Structures are given as structure tokens and as C-alpha cells.
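Undergrad:
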Amino acid sequence: MTKRKAETVQIQEEAEVEAQPTKMDMLEAFAELVAERYGYFTARRLTQQDMSEKCKAEMEAVNVKRKAMNENIEKLLEAENEEARTAIHVQAKDLKTLKEDADTAKKPFLEKIKPLSQAQKYCDSVAIPDFLKELGHPVQPRFSVSDWMSKALEQSKQKKKK
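So the sequence shown is numbered by our numbering: it starts at -10 and just counts up by one.
1) When the Cα atoms are used, what is the spatial distance from PRO97 to ASP39?
2) What do you get for VAL79, buried or exposed, if any count of 16 or more other CB atoms within 10 angstroms of its CB means buried?
3) Taking 7 Å as the cut-off, decide whether the C-beta atoms of LYS110 and THR36 are in contact.
4) Along the chain, where does the alpha helix (DSSP H) that runs through HIS78 open and close?
5) Okay, do the stretch 41 to 51 and the stretch 76 to 96 touch, 3+ Cβ pairs below 8 Å being the bar?
6) Quick one: using the 10 Å Cβ neighbour count with 16 as the cut-off for buried, is LEU16 buried or exposed?
7) Can you tell me which of the three DSSP states LYS56 falls into?
8) Select from LYS64, TYR27, GLU123 and ARG74 the residue whose C-alpha is nearest the C-alpha of PRO10.
9) Excluding sequence positions up to five away, which residues of its chain have a Cβ less than 6 Å from the Cβ of CYS112?
10) Helix, strand or coil: which one does DSSP assign to ARG131?
11) I need the DSSP call for GLN144, collapsed to helix, strand or coil.
12) Going straight from the alpha carbon of GLU42 to that of GLU71, what length do you get?
13) Does the separation of the CB atoms of ARG34 and SER106 fall below 7 Å?
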């Protein structure tokens, strides 16, 4: 082999060594992935809270109408007359209108939530398990809770009680 070819082979081998990420690089990338996933989770939760606050009146109207309809439907069914049937249909139509109003109010929030949920689901079902496998820690089902997790859950319960 000529000197020039030997130098070319050596440069290619060095480039391949540099191209392979180190364990630390992979762990940092995994931490970034988990942070990104948690960011999606947090953004989705905050958007849902915002939706709950801003659509509270619409949702409350639907709940009140549904509750009233459920309470009165038995009475109306026992009456078995045309007025009762008409009243049931009117209440059902009112409920449908209220639901549509609530859905319209929630739509912009749900449009923001949907891609966040999809990204979170992708991270949970594909990206994180693949990355763990690449790091040498394939995901396996766990049918019992580890000791440290049991202790952490217990401490969390105690904090909530106080």
C-alpha cells in the first residue's frame, strides 16, 4: 500500500471513530428527548387547564341540562303522552345545541392539544423505547412496582394528606 493510500485509510478510520457518538453523548441526547417529551406533556396539561377555565360556562350548561334531562326523563316516560314525548325531544335538541356550542368553544384548544398528544404518544411508544434499546436497556414489562417507587408513592400520598 502506498503512503498516500495509508494516509487516506487512516483519515477515514478517524472520521468513523469521530462519527460514532460516545455513551455520554447518547445519554445527553436521551435526556433532551425526555425533556422534550415532558415539555409536550406540560404544554398539553396547561392548554387543557386553559380550555377548562375558558369553556367552563359552556361545559356547565351542558352538565346542568344533562342532569335535568336525566332527572326528568323518568317522569316524562311514565306520563306516556304526546306532551311528554315532545318535552323529551325538545330537551334532547337543547342538549345537542349546548354540546355543539361547547365543542365550538373547545375546538381551538383541541387543535393545539392534538399535535402535543401525538408527539407525546410517539415519544412514549417509539422514540424512548428505541433510544433505550440503543443504549443497551431494552424496555420490558414490569408487573410489580420497585421498592424505590413504592417509597416515593407513599411519600407523595403523605405529602398530599398534609
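Ideal Cβ positions, reconstructed from N, Cα and C, are used throughout, including at glycine.
Since this is a predicted model, take the numbers as computed values, not measurements.
TA: Taking the definition as stated:
1) 11 Å
2) exposed
3) no
4) That run of the alpha helix (DSSP H) goes 71 to 111.
5) yes
6) Within a 10 Å sphere around the beta-carbon of LEU16 sit fewer than 16 other beta-carbons, which makes this residue exposed.
7) helix
8) GLU123
9) For CYS112, where only same-chain residues beyond five positions count, the Cβ hits under 6 Å are ARG26.
10) Here ARG131 carries a coil assignment [DSSP, helix/strand/coil].
11) Collapsing the DSSP output to three states places GLN144 in a helix.
12) Between the alpha carbons of GLU42 and GLU71 lies a gap of roughly 40 Å.
13) no
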